[in-house]
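Participant:
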Amino acid sequence: MAGKPKLHYTKGRGKMESIRWLLAAAGVEFEEEFIETKEDLEKLRNDGVLMFQQVPLVEIDGMKMVQSRAIANYIATKYNLYGKDLKERAWIDMYVEGTTDLMGMIMYLPFQPADTKEKNLALIIERATTRYFPVYEKALKDHGHDYLVGNKLSWADIHLLEAILMTEECKPDILSAFPLLQAFKGRISNIPTIKKFLQPGSQRKPPTDEKFVAVVRKIFNI
Amino acid sequence: MSGKPKLHYCNARGRMETIRWLLAAAGVEFEECFLETKDDLTKLQKDGSLMFQQVPMVEIDGMKMVQSRAIANYIATKYNLYGKDLKERALIDMYVEAIIDLNELLMTHTFQPADKKEQHLATIVDKATNRYFPVFEKVLKDHGQDFLVGNKFSRADVQLLETLLMAEECKSDILAKFPLLQSFKARISNIPSMKKFLQPGSQRKPPLQEKDIPKLMKIFH
Numbered sequence: 685m686a687g688k689p690k691l692h693y694t695k696g697r698g699k700m701e702s703i704r705w706l707l708a709a710a711g712v713e714f715e716e717e718f719i720e721t722k723e724d725l726e727k728l729r730n731d732g733v734l735m736f737q738q739v740p741l742v743e744i745d746g747m748k749m750v751q752s753r754a755i756a757n758y759i760a761t762k763y764n765l766y767g768k769d770l771k772e773r774a775w776i777d778m779y780v781e782g783t784t785d786l787m788g789m790i791m792y793l794p795f796q797p798a799d800t801k802e803k804n805l806a807l808i809i810e811r812a813t814t815r816y817f818p819v820y821e822k823a824l825k826d827h828g829h830d831y832l833v834g835n836k837l838s839w840a841d842i843h844l845l846e847a848i849l850m851t852e853e854c855k856p857d858i859l860s861a862f863p864l865l866q867a868f869k870g871r872i873s874n875i876p877t878i879k880k881f882l883q884p885g886s887q888r889k890p891p892t893d894e895k896f897v898a899v900v901r902k903i904f905n906i
Numbered sequence: 015m016s017g018k019p020k021l022h023y024c025n026a027r028g029r030m031e032t033i034r035w036l037l038a039a040a041g042v043e044f045e046e047c048f049l050e051t052k053d054d055l056t057k058l059q060k061d062g063s064l065m066f067q068q069v070p071m072v073e074i075d076g077m078k079m080v081q082s083r084a085i086a087n088y089i090a091t092k093y094n095l096y097g098k099d100l101k102e103r104a105l106i107d108m109y110v111e112a113i114i115d116l117n118e119l120l121m122t123h124t125f126q127p128a129d130k131k132e133q134h135l136a137t138i139v140d141k142a143t144n145r146y147f148p149v150f151e152k153v154l155k156d157h158g159q160d161f162l163v164g165n166k167f168s169r170a171d172v173q174l175l176e177t178l179l180m181a182e183e184c185k186s187d188i189l190a191k192f193p194l195l196q197s198f199k200a201r202i203s204n205i206p207s208m209k210k211f212l213q214p215g216s217q218r219k220p221p222l223q224e225k226d227i228p229k230l231m232k233i234f235h
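Keeping their order, the protein sequence lines are chains A and B.
If you're matching positions, the first sequence starts at 685 in our numbering and goes up one per residue.
If you're matching positions, the second sequence starts at 15 in our numbering and goes up one per residue.
As structure tokens, this is what we get:
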């Protein structure tokens, strides 16, 4: 029985993907157990391992952790990706909550009715380019450092890269007005652990397609 | 110009209420600047005071903090309401995130259209009494201590009390099957800073009423 963290979730990105990114960035090997059917989820529930009957679940350091933010907070702190003090943590939290909101919009897109998709996609692009990306572009411009907070790689950087790549999947030229974010993307992608995670065959999950939406709906009864 | 935190939000609970609770629990006096019209919000946006153009915003320790979780995390850490180490923080976070989920469900009840309200209330009661409350009842039963984590008052206790009271506003006997949560409620309510916050005239906000919704919609839409 390895000491590696063990992730319980579907084969999709969902609320587990940011956790996969964090572990990968920290260079932590992890195992995954995939929920493929409704019965798989029921089994976890009946086993009593899901504190609130929900996944994500991550078995780590003797705990069965649930709630994606709780898990991410723990991993970020444990692997020194959460700033050096309270003030840096405040900035990291603000930035991460912003990218969480943006990625949340994108995550739900495949699940929305076909007739609202175009409108919702337009809203995502608008928000990305007028509400979120300008903030990070300005942060990088103002301090001129390689990383968002404290001149050191943190969760904020990893999360922003994840958000940038996810948004580019919606619109490939979405960074055209953000030269510093383009450079940021290149730079952070080249960090060895992250570069490895971005290669084919890693545990990074692909975007959710229509087929997978049907699978997810069945598993979670939604 | 005082050193007190200054809260920018509308005169309602929404996403600011938990922050008010945490500050009150920590015994920290705070000021409030209420958004009454869309122009109030626009002004803050144009000032560059809102990182993502949204409220809540709290001016604290020289920062203009946004994002309710970021603000709550900061206050909880600063005032020692976040456990003594990483493991306690993990437990607190798990409890708090679930409480926030239930809180969101409760908060949206007033916004439900009339024909969906009864169904929504049934969902609330089901989730509260089958998914969330049993967990906290069991936690208290298993360790027999006064507080949820680490035998010490933390944000988990504050946020659970906030949500228990909100749940009772939806259904007054919702705690009927949870004796330990009932005594928890009484016990935490009696902590001096909490007792003070629960008294009339405090900065605690009342439940949202349907008649208040149009005004809120005008500000944000």
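Virtual Cβ for every residue (Gly too), placed ideally from N, Cα, C.
1. For a test of the three-state rule: what should DSSP assign to residue 205/B, helix, strand or coil?
2. How would you call residue 152/B, buried or exposed, if buried means at least 16 neighbouring beta carbons within 10 angstroms?
3. Check whether the region 176-183 of chain B and the region 110-118 of chain B touch, using three or more Cβ-Cβ pairs below 8 Å as the test.
4. Tell me whether residue 692/A sits in a helix, a strand or coil according to DSSP, three-state version.
5. Whole angstroms are fine: how far does the CA of residue 202/B sit from the CA of residue 711/A?
6. Say whether chain B places a C-beta atom closer than 8 Å to the C-beta of residue 750/A.
7. With distances taken from CA atoms, which of 189/B, 230/B, 191/B and 172/B is nearest residue 208/B?
8. Determine the contact status of residue 227/B and residue 51/B, defining contact as a CB-CB distance below 8 Å.
9. Report the residues of the region 752-769 of chain A with a CB closer than 7 Å to any CB of chain B, ordered along the chain.
10. At the 8 Å Cβ level, is residue 901/A part of the contact set with chain B, yes or no?
11. Check this for me: beta carbons of residue 169/B and residue 36/B, under 8 Å apart or not?
12. Please say whether residue 726/A and residue 692/A have beta carbons closer to each other than 8 Å?
13. Based on Cα-Cα distance, which residue from 723/A, 703/A, 751/A and 722/A lies nearest to residue 714/A?
14. Given a threshold of 16 other Cβ atoms within 10 Å of its Cβ, counted over all protein chains shown, does residue 688/A qualify as buried or as exposed?
15. Checking contacts by CB at 8 Å: is residue 826/A closer than that to chain B?
16. Pull the bridge partners of residue 74/B from the DSSP assignment, please.
17. Tell me residue 744/A's beta-bridge partners as DSSP assigns them.
18. Hey, would you say residue 816/A sits closer than 8 Å to residue 786/A, going by beta carbons?
19. For the alpha helix (DSSP H) that residue 183/B lies in, which residues bound it at each end?
20. Assuming residue 877/A and residue 708/A make a contact with CB atoms under 8 Å, what is their CB distance in whole Å?
21. Residue 792/A: buried (16+ other C-beta within 10 angstroms of its C-beta) or exposed?
22. Please classify residue 907/A as buried or exposed, where buried requires at least 16 neighbouring CB atoms within 10 angstroms.
23. Short of 7 Å Cβ to Cβ, which residues in the region 74-94 of chain B face chain A?
24. Chain B beta carbons: is any one of them nearer than 8 Å to that of residue 810/A?
25. To the nearest angstrom, how far is it from the Cα of residue 823/A to the Cα of residue 841/A?
26. Where do the N-terminal and C-terminal ends of the beta strand (DSSP E) with residue 23/B fall, by residue?
27. Cβ of residue 767/A within 8 Å of Cβ of residue 81/B?
28. Hey, how far is the Cα of residue 162/B from the Cα of residue 105/B?
29. How many Å lie between residue 223/B and residue 695/A at the Cα?
30. Does DSSP put residue 765/A in a helix, in a strand, or in coil?
31. Assuming the contact rule is C-beta atoms closer than 8 Å, residue 690/A and residue 742/A should be a hit. Round their C-beta distance to whole Å, please.
32. Which of helix, strand or coil does DSSP assign to residue 718/A?
33. Closer than 7 Å by C-beta to residue 795/A: which residues in its own chain qualify, once you throw out the five before and the five after it? Chain order, please.
34. For the ligand NAD, is there a heavy atom less than 7 Å away from the beta-carbon of residue 92/B?
35. Quick one: measure Cβ to Cβ for residue 72/B and residue 33/B, integer angstroms, because I've assumed they're closer than 8 Å.
36. In this structure, does DSSP put residue 46/B in helix, strand or coil?
Facilitator: Short version:
1. The count along the second sequence starts at 1 and reaches residue 205/B at position 191. Here residue 205/B sits in coil by DSSP.
2. To locate residue 152/B, count along the second sequence from 1; it is residue 138. Residue 152/B should be labelled exposed.
3. Counting Cβ pairs under 8 Å, three or more are found: they touch.
4. Mapped onto the first sequence, residue 692/A falls at position 8. The three-state secondary structure of residue 692/A, taken from DSSP, is strand.
5. Your numbering for residue 711/A matches position 27 in the first sequence. Your numbering for residue 202/B matches position 188 in the second sequence. Answer to the nearest angstrom: the Cα atoms are 42 Å apart.
6. Here residue 750/A corresponds to residue number 66 of the first sequence, with the count starting at 1. Judged by the 8 Å Cβ criterion, residue 750/A is in contact with chain B.
7. Within the second sequence, residue 208/B is the residue found at index 194, counting from 1. Looking at 189/B, 230/B, 191/B and 172/B, the one whose alpha-carbon comes closest to that of residue 208/B is 172/B.
8. By one-based count along the second sequence, residue 227/B stands at place 213. By one-based count along the second sequence, residue 51/B stands at place 37. Not a contact, by the Cβ cut-off of 8 Å.
9. The region 752-769 of chain A vs chain B, Cβ under 7 Å: 753, 754, 757, 758, 761 and 762.
10. Translated into the one-based positions of the first sequence, residue 901/A becomes position 217. So no, residue 901/A is outside the interface.
11. Taking the second sequence and counting its residues from 1, one reaches residue 169/B at position 155. Taking the second sequence and counting its residues from 1, one reaches residue 36/B at position 22. With a cutoff of 8 Å on beta-carbon distance, residue 169/B and residue 36/B are scored as near each other.
12. Locating residue 692/A in the first sequence gives position 8, where the first residue counts as 1. Locating residue 726/A in the first sequence gives position 42, where the first residue counts as 1. Their beta carbons are not under 8 Å apart, which means residue 692/A does not touch residue 726/A by this criterion.
13. Here residue 714/A corresponds to residue number 30 of the first sequence, with the count starting at 1. That would be 703/A, whose Cα lies nearest to the Cα of residue 714/A.
14. As a position in the first sequence, residue 688/A is number 4, starting the count at 1. Under this definition residue 688/A is an exposed residue.
15. By one-based count along the first sequence, residue 826/A stands at place 142. Under the Cβ criterion of 8 Å, residue 826/A is not counted among the residues facing chain B.
16. Translated into positions along the second sequence, residue 74/B becomes position 60. According to the DSSP secondary-structure assignment, residue 74/B is paired through a beta bridge with 77/B.
17. Walking along the first sequence from the start, residue 744/A turns up at place 60. Per DSSP, the beta-bridge partners of residue 744/A are 747/A.
18. The sequence position of residue 816/A within the first sequence is 132, counting from 1. The sequence position of residue 786/A within the first sequence is 102, counting from 1. A contact, by the Cβ cut-off of 8 Å.
19. Your numbering for residue 183/B matches position 169 in the second sequence. Boundaries of the alpha helix (DSSP H) around residue 183/B: 169-184.
20. Counting from 1 along the first sequence, the entry for residue 877/A is found at position 193. Counting from 1 along the first sequence, the entry for residue 708/A is found at position 24. Residue 877/A to residue 708/A, Cβ: 6 Å. Contact.
21. The sequence position of residue 792/A within the first sequence is 108, counting from 1. With fewer than 16 Cβ atoms within 10 Å of its Cβ, residue 792/A is classed as exposed.
22. One cannot answer for residue 907/A here, as it falls past the ends of chain A, which runs 685 to 906.
23. Taking 7 Å as the upper bound on Cβ-Cβ separation, chain A lies near residues 77, 79, 80, 81, 83, 84, 87, 88, 91 and 92 of the region 74-94 of chain B.
24. As a first step, residue 810/A must be located in the first sequence, where it is residue number 126. No, residue 810/A does not count as interfacial toward chain B.
25. Here the question's residue 823/A lines up with position 139 in the first sequence. Here the question's residue 841/A lines up with position 157 in the first sequence. About 12 Å.
26. Here residue 23/B corresponds to residue number 9 of the second sequence, with the count starting at 1. Counting along the chain, the beta strand (DSSP E) containing residue 23/B begins and ends at 20-24.
27. The residue given as residue 767/A occupies position 83 in the first sequence. The residue given as residue 81/B occupies position 67 in the second sequence. Here residue 767/A is not near residue 81/B, since their CB atoms are 8 Å or more apart.
28. Start at 1 with the first residue of the second sequence, and residue 162/B comes out as number 148. Start at 1 with the first residue of the second sequence, and residue 105/B comes out as number 91. Between the alpha carbons of residue 162/B and residue 105/B lies a gap of roughly 9 Å.
29. Indexing the second sequence from 1 puts residue 223/B at position 209. Indexing the first sequence from 1 puts residue 695/A at position 11. Residue 695/A has its alpha-carbon roughly 42 Å from the corresponding atom of residue 223/B.
30. Residue 765/A sits at position 81 when you count from the first residue of the first sequence. For residue 765/A, the secondary structure class from DSSP, reduced to helix, strand or coil, is coil.
31. The sequence position of residue 690/A within the first sequence is 6, counting from 1. The sequence position of residue 742/A within the first sequence is 58, counting from 1. Between residue 742/A and residue 690/A the Cβ distance is about 7 Å, and since that is below 8 Å, they are a contact.
32. For the purposes of this step, residue 718/A is identified with residue 34 of the first sequence, where counting begins at 1. Strand, per DSSP.
33. Here residue 795/A refers to the residue found at position 111 when the first sequence is read from its first residue. Excluding sequence neighbours, residue 795/A sits near 897.
34. What this structure holds is no ligand at all, so the ligand NAD is not there to describe.
35. The residue labelled residue 72/B in the question sits at position 58 within the second sequence. The residue labelled residue 33/B in the question sits at position 19 within the second sequence. With 8 Å as the limit, residue 72/B and residue 33/B qualify as a contact, their Cβ atoms being about 6 Å apart.
36. Along the second sequence, read from residue 1 onward, the residue named residue 46/B stands at position 32. Strand, per DSSP.
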